[in-house]
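Shown next, in structure tokens, is the structure this report addresses.
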Amino acid sequence: MSYIPNTDTDRAEMLKAIGVESVEELFDDVPEALGYPDLHLPPPVSETEVLRELREISEYNVDLEHAPCFLGAGAYRHFVPSVVGHIIGRSEFYTAYTPYQPEISQGTLQSIFEYQSMICALTGMDAANASHYDGATALAEAVVMAVSVTRGKRRKIVMSAGVHPEYRAVVRTYTQGAQLTVIGDTTSATDISSLAEMTDADTACVIVQNPSFLGYLEEPDALRALADAVHTAGALLVVSADPISLGLFAPPGDYEADIVCGEGQALGGGLNFGGPYLGYFACRKKYLHKMAGRIVGQTVDRHGERGFVLTLSAREQHIRREKATSNICSNEALMALAAAVYLTAMGKTGLRQVAELCYHKAHYAARQLSTLPGYELLSEQPFFKEFPLKCPRPVEEINDYLLDEWGIIGGYDLGRDYPELANTMLVCVTEMNTKEEADLLVEALGSMEEEA
Amino acid sequence: MVEYAKDRRYLATHEWVKLEGDEAVAGISDYAQHELSDVVYVELPEVGDTFAQGETFAVVESVKAASDVYMPMSGEILAVNEELEDSPQLVNEGPFGAGWFVRFRPSKPEQYEALMDAEAYEKHCQEEAEKGG
């Protein structure tokens, strides 16, 4: 059965109306060589044969169940308790349906409300939305919101180079054509005071990431001083933060951030081959009406019983059309639920333990690696679970060796994003890395130098 | 019963403006607040902002809709009704009084005469109601 309801006559009529002869003619702009390529597909085979072939191909994959991994850079391997999969896989939750009708969606609405409440507790903010696609889009929405809060009169965005390079690219993509200028991220050195100096009466917001992309923790006092300078200039302070770090370190609300957002994948999301991820987003109450995305609120019904509804919908595109706070009001409800289940299962002390394990294991690895000849830490700045390691040769070369000879997934090549950091590897250590794995990495790098 | 205050003029988009010496006060009409039902939020401009006649200067959100509010005459904002921040329901309770939006200095006072008076505006609203809004 065809799913296309129009008939040949309908189609002929439509083609005539737009003045073309055939459907193919609509694709005239596609170069001929690319138009109808010969795919060289093998003849059809049975399902068993396909499955066997795909399994064979999949066995070439290196997976994190077997290979020690020191790669992070925005996507992190943390423990995902089994309960997360069990809860989010329940049919009541495992649906893309938007809970517009509160009378039949109380469970879904409550789960989102609980998620929002936990994000607020974690970030020290007053209100959170039901999520964005990922950390990068959440940050871009923060920029759009800051411009809107400052009534579109301020056209400058000051963004630290410590913000994830891909997030910075997404911010630029989002704001292109909007006559905004993004400055501040030209060097890898994230000097907080220089960000304050760049902030003026034309600045809508200042963006920092803490811990930074390089893994460094900024001093709370320096951040508070930055917040003061930003607020004095009438701008907003936006902080992108790894939510796991907030189990151990001061929430951005403590140093007067106005918007806190970031990647929530680490909260029960798994690595998921790069997606779906989770953009979490929270802000101060006074900016609530400018926040994008869906928001669930708690209320009482006519019997005085607690209930939940989608609220403040007038900000959203199905009501406000072109004047909406955002034209992406979709969310990652299932991943937000995973985050809520994760945070509930871990609890306050559990999350702190995860963060402490990351911190101590990363510091153990850093100490061991810095004893290797030719290797040293880029700086003495405090870090959380990632740190830049200066290497005696190109990172790509090292990573190939680690994977081929030792079955280890090495760290991120910082030279890709920061030319001045060539031969510098961003090493990530989480609670999932054992001490033996760290020791193995040290041994592997040591033997590479001996062989060289 | 919808009220049509006679001491001011109106726009077809349901804003009112009242002259007070060199200054003017603007808000939305009683008819408009009836149509919107419970107002939950009003976004106001900043003092010192200038708007041309017909430009959006505020947004009003009700439980039913969000609507732009248009400047009835060109001018510079002198004051905004800060009470509306915590008490948006004033727009419902007293659209012609406590629910005012802005006080401004008209830059083209002659625009006033071309606006609808209460009688013309009432007729306009009745026609709009007959057409189903």
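If you read the sequences in order, they're chains A and B.
Its first residue numbered 1, the first sequence is counted upward by one per residue in my numbering.
Its first residue numbered 1001, the second sequence is counted upward by one per residue in my numbering.
Even glycine gets a Cβ: it sits at the ideal position worked out from N, Cα and C.
Exercise. Look up PRO102 of chain A in the DSSP assignment and say whether it is helix, strand or coil.
Key: As a working note, residue 102 of chain A is residue 102 in the first sequence. Here PRO102 of chain A sits in helix by DSSP.
Quiz item: For LEU34 of chain A, is the classification buried or exposed, using 16 other Cβ atoms within 10 angstroms of its Cβ as the cut-off for buried?
Solution: Against the first sequence, residue 34 of chain A aligns to sequence position 34. By the neighbour-count rule (16 or more Cβ atoms within 10 Å), LEU34 of chain A is not buried but exposed.
Quiz item: So which residues on chain A does TYR1041 of chain B lean against when the C-beta distance must stay under 7 Å?
Solution: Position 41 of the second sequence holds residue 1041 of chain B. Simply HIS289.
Quiz prompt | ALA314 of chain A at chain B interface by Cβ criterion, 8 Å | solution = Your numbering for residue 314 of chain A matches position 314 in the first sequence. At least one chain B Cβ lies under 8 Å of ALA314 of chain A.
Quiz prompt | Distance between ALA225 of chain A and SER240 of chain A (C-alpha atoms, nearest Å) | solution = Against the first sequence, residue 240 of chain A aligns to sequence position 240. Against the first sequence, residue 225 of chain A aligns to sequence position 225. Spanning the two alpha carbons is a distance of roughly 17 Å.
Quiz item: Do the segment 377-388 of chain A and the segment 397-409 of chain A touch if we need at least three Cβ pairs shorter than 8 Å?
Solution: no
Self-check item: Option nearest LEU343 of chain A by Cα separation, candidates A:THR48, A:ILE119 and A:GLU49
Solution: Against the first sequence, residue 343 of chain A aligns to sequence position 343. When only C-alpha atoms are compared, the closest one is A:ILE119.
Quiz item: Which two residues bound the contiguous alpha helix (DSSP H) that contains PRO220 of chain A?
Solution: By one-based count along the first sequence, residue 220 of chain A stands at place 220. First-last of the alpha helix (DSSP H) with PRO220 of chain A: 220-232.
Exercise. Drop a sphere of 10 angstroms on the beta-carbon of THR460 of chain A, count the other beta-carbons inside from all chains shown, and report buried for 16 or more, exposed for fewer.
Key: What the structure shows of chain A is the stretch from 1 to 452, and residue 460 of chain A is not part of that stretch, so it cannot be assessed.
Practice problem: Give the DSSP bridge partners of LYS353 of chain A, in chain order. | Solution: Walking along the first sequence from the start, residue 353 of chain A turns up at place 353. Checking the displayed sequence, the identity of residue 353 of chain A turns out to be Gln instead of Lys. None; GLN353 of chain A has no bridge partner.
Self-check item: DSSP-derived helix/strand/coil call for GLY457 of chain A
Solution: The displayed coordinates of chain A run from 1 to 452. Any statement about residue 457 of chain A would go beyond what the structure contains.
Practice problem: Let me know if TYR216 of chain A comes out buried or exposed under the rule of 16 or more other beta-carbons within 10 Å of its beta-carbon. | Solution: In the first sequence, the residue the question calls residue 216 of chain A occupies position 216. Flag for TYR216 of chain A reads buried.
Quiz item: Is the Cβ of ALA1066 of chain B closer than 8 Å to any Cβ of chain A?
Solution: On the second sequence, position 66 is the one that residue 1066 of chain B refers to. So, interface residue.
Exercise. Compute the Euclidean distance between the alpha carbons of GLU1055 of chain B and LEU426 of chain A, then round it to the nearest angstrom.
Key: Numbered from its first residue, the second sequence carries residue 1055 of chain B at position 55. Numbered from its first residue, the first sequence carries residue 426 of chain A at position 426. Going by the C-alpha atoms only, they are around 52 Å apart.
Quiz prompt | Contacts around ASP202 of chain A, its chain only, beta-carbon distance under 7 Å, and the 5 residues preceding and following it disregarded | solution = Counted from its first residue, the first sequence places residue 202 of chain A at position 202. Answer for ASP202 of chain A: ARG154, ARG155 and LYS156, listed in chain order.
Quiz item: Does any C-beta atom of chain B lie closer than 8 Å to the C-beta of ILE192 of chain A?
Solution: For the purposes of this step, residue 192 of chain A is taken as residue 192 along the first sequence, with counting starting at 1. ILE192 of chain A does not count as touching chain B.
Quiz item: Can you find a C-beta in chain A that's less than 8 Å from the C-beta of GLU1061 of chain B?
Solution: Position 61 of the second sequence, counted from the first residue, corresponds to residue 1061 of chain B. Closer than 8 Å to some Cβ of chain A, the Cβ of GLU1061 of chain B qualifies, so yes.
Quiz item: For ASP1038 of chain B, does the count of other Cβ atoms within 10 angstroms reach 16, so buried, or fall short, so exposed?
Solution: Your numbering for residue 1038 of chain B matches position 38 in the second sequence. Answer is exposed; the Cβ neighbour count stays below 16.
Exercise. For TYR1121 of chain B, count neighbouring C-beta atoms within 10 Å of its own C-beta (all shown protein chains included) and say buried if the count is 16 or more, exposed if not.
Key: Counting from 1 along the second sequence, the entry for residue 1121 of chain B is found at position 121. So TYR1121 of chain B ends up on the buried side.
Quiz item: Can you tell which of B:MET1116, B:ASP1049 and B:GLU1130 has its C-alpha closest to the C-alpha of GLY152 of chain A?
Solution: Translated into positions along the first sequence, residue 152 of chain A becomes position 152. Answer by Cα proximity: B:ASP1049.
Quiz item: Which word fits ASP301 of chain A, buried or exposed, when buried means at least 16 other C-beta atoms lie within 10 angstroms of its C-beta?
Solution: Taking the first residue of the first sequence as 1, we reach residue 301 of chain A at position 301. Flag for ASP301 of chain A reads exposed.
Exercise. Identify which residue in B:VAL1059, B:THR1013 and B:GLU1093 has its Cα closest to the Cα of VAL1080 of chain B.
Key: Counted from its first residue, the second sequence places residue 1080 of chain B at position 80. Comparing Cα positions, the closest option is B:VAL1059.
Practice problem: Could you pull the start and end residues of the beta strand (DSSP E) that VAL1039 of chain B belongs to? | Solution: One-based indexing of the second sequence puts residue 1039 of chain B at position 39. First-last of the beta strand (DSSP E) with VAL1039 of chain B: 1039-1043.
Exercise. Report yes if the C-beta distance between VAL1040 of chain B and PRO1088 of chain B is below 8 Å; otherwise report no.
Key: Walking along the second sequence from the start, residue 1040 of chain B turns up at place 40. Walking along the second sequence from the start, residue 1088 of chain B turns up at place 88. Yes, these two residues count as a Cβ contact at 8 Å.
Exercise. Using the DSSP secondary-structure output, state which residues sit across from GLY262 of chain A in a beta bridge.
Key: Sequence index remark: in the first sequence, residue 262 of chain A carries index 262 (1-based). Its beta-bridge partners are A:TYR280.
Exercise. Return the residue from the list A:GLN317, A:VAL158 and A:GLU449 that minimises the CA-CA distance to LEU180 of chain A.
Key: Along the first sequence, one-based indexing puts residue 180 of chain A at 180. The residue with the shortest Cα to Cα distance from LEU180 of chain A is A:VAL158.
Quiz item: Relative to the C-alpha of LYS390 of chain A, which residue among A:ARG172, A:THR424 and A:LEU369 is closest?
Solution: As a first step, residue 390 of chain A must be located in the first sequence, where it is residue number 390. Nearest option by C-alpha distance: A:THR424.
Practice problem: Check ALA201 of chain A in the structure and name its three-state DSSP category. | Solution: Translated into positions along the first sequence, residue 201 of chain A becomes position 201. Three-state DSSP puts ALA201 of chain A in coil, outside helix and strand.
Quiz item: Does DSSP classify ILE4 of chain A as helix, strand or coil?
Solution: One-based indexing of the first sequence puts residue 4 of chain A at position 4. Reduced to three states, the DSSP call for ILE4 of chain A is coil.
Quiz item: At least one CB of chain A closer than 8 Å to the CB of GLU1046 of chain B: is that the case?
Solution: Taking the second sequence and counting its residues from 1, one reaches residue 1046 of chain B at position 46. It does: the Cβ of GLU1046 of chain B has a partner Cβ on chain A nearer than 8 Å.
Quiz item: Which runs of the alpha helix (DSSP H) spanning at least 4 residues fall entirely within the segment 111-191 of chain A, listed in chain order?
Solution: 135-149 and 165-175
Exercise. Quick one: list the residues of chain B neighbouring ILE119 of chain A, beta-carbon separation under 8 Å, in chain order.
Key: Within the first sequence, the letter at position 119 stands for residue 119 of chain A. Going along chain B, no residue has its Cβ under 8 Å from ILE119 of chain A, so there is no contact; the nearest lies around 23 Å.
Practice problem: Have a look at TYR3 of chain A and VAL1002 of chain B and give me their C-alpha separation to the nearest angstrom. | Solution: Indexing the first sequence from 1 puts residue 3 of chain A at position 3. Indexing the second sequence from 1 puts residue 1002 of chain B at position 2. C-alpha separation (whole angstroms): 52 Å.
Quiz item: Going straight from the alpha carbon of THR98 of chain A to that of HIS1124 of chain B, what length do you get?
Solution: Within the first sequence, residue 98 of chain A is the residue found at index 98, counting from 1. Within the second sequence, residue 1124 of chain B is the residue found at index 124, counting from 1. Roughly 39 Å separates the two Cα atoms.
Quiz item: For GLU386 of chain A, which of helix, strand or coil comes out of DSSP?
Solution: Numbered from 1 along the first sequence, position 386 holds the residue referred to as residue 386 of chain A. Three-state DSSP puts GLU386 of chain A in a strand.
Quiz item: Can a CB atom of chain B be found closer than 8 Å to the CB of ARG284 of chain A?
Solution: Residue mapping note: residue 284 of chain A aligns to position 284 of the first sequence, counting from 1. With 8 Å as the cut-off, ARG284 of chain A does not count as an interface residue toward chain B.
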